Structures are given as C-alpha cells and as structure tokens.
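Numbering (the numbering used here), first residue to last: 1 to 195. Here's the structure, in structure tokens; my notes come after.
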C-alpha cells in the first residue's frame, strides 16, 4: 500500500466523524459569518487534537439537560436547546441577552416572560442535523473497520494511524449518543419578549 492509501481513508473518516458530531452552541446574533466559521474551526481542531474533551463537553451537557428535563415538562431537545443559548431575551424590541435555563424558569414563574410554546418538531426543524448524514458516517466507519479486521485476519500490517482512527471513531459514536437529541448548527436563538 502507498502512503496515500493509508492516510486518505483515515483522514476522510476523521473529518466525517468530526463534521457530523460537533454540535456547537448557538452563536451570538452579533457574530458574522467569518467569526462563526472561525469558532467552528476552533471546536473541530480541539476535537481532532483531544477528542476526549469533546466527550467531556457532551457528557456535561447531557447530564445538565437530563437534570433539567426531570424538573420541567420539557423533553431533552428543549433542555439542550435552552443550554445551548436557544432563548434570547428581547427588551424594548432589541436583543438583550441569552438566558440560562434557571433564569428562564424563574422569569416565567415571575411573569416576566410568557410560557414557552415551542414543540420539539419546531426545534428539530431549525436543526441542520439529520439521520442520513450520521448514517453515512456510520457506514464509512463500519467499512473502515471491516477493512481493518480483514487486514488483521490475514496477518497484514495495520498502522498506528488506522488504529487511532478507529479509537477516534469510537469516541465520536459515544458523543453521538450523548448529543442525539441536541440540535445541530442552529443559526439563531428563539426570541422571548421581556414584560
């Protein structure tokens, strides 16, 4: 095998895994396209260098969202949406700030914000993620894994890069599980009027 035959499937698999697994929080309404691109590139770079940090981030968000779901009538999608900056408070018609879930609940209880009437379907509609893109990555990683197993069975050399790619993919699958209900690449938060 040539160097390209080894490196290209590994790079393709790693890129596909990262592209579909990173679920960034909602950017500020003041962030332009270049700043959003830089932010995504920074998160993806961290995911390549230290994928365990991505898993830790996803685990923290999953636990926080699950705890919020236990105390509210929301589903996991609502909780993820709230934690990722999905609700922006507007005061006098101008964006004021994103609101944390705890402050949002308090503001609703005190009557400063009307109860939220947002369905999971509406949140998922704003999400850019779909089962097809994740399914294609699963197929790519599965094919990559089958090739590695076949090389091992026939006592052919398996490179450390290929083993690292499989380990990376396993971490990404764990992240998929944690962020399955988290919306992907939502462009702007939901507007809430302060009374």
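Cβ atoms here follow ideal geometry from the backbone N, Cα and C, with glycine treated the same way. The model shown is predicted, which means the values in this text are computed figures rather than measured ones.
Item                                                                                                                                                                 : Value
Note down the Cα distance separating residue 47 from residue 124, rounded to an integer number of angstroms.                                                         : 24 angstroms
Where does the unbroken alpha helix (DSSP H) through residue 69 begin, and where does it stop?                                                                       : 51 to 71
What is the residue span of the alpha helix (DSSP H) that residue 103 lies within?                                                                                   : 101 to 109
Threshold first: 4 residues or longer. Then list the alpha helix (DSSP H) segments lying entirely within the region 127 to 171, N to C.                              : 131 to 153
Do residue 87 and residue 182 have their C-beta atoms closer together than 8 angstroms?                                                                              : no
Counting only the same chain and skipping the five closest in sequence on each side, list residues whose C-beta sits under 6 angstroms from that of residue 169.     : 17, 141
What is the C-beta distance between residue 171 and residue 158, in whole angstroms, given that I count them as a contact (C-beta under 8 angstroms)?                : Residue 171 to residue 158, Cβ: 19 angstroms. No contact.
Indicate whether the contact test is met: 3 or more Cβ pairs, each with one atom in the region 105 to 117 and one in the region 128 to 145, closer than 8 angstroms. : no
When the Cα of residue 55 is compared with those of 26, 21, 29, 83, which residue comes out closest?                                                                 : 21
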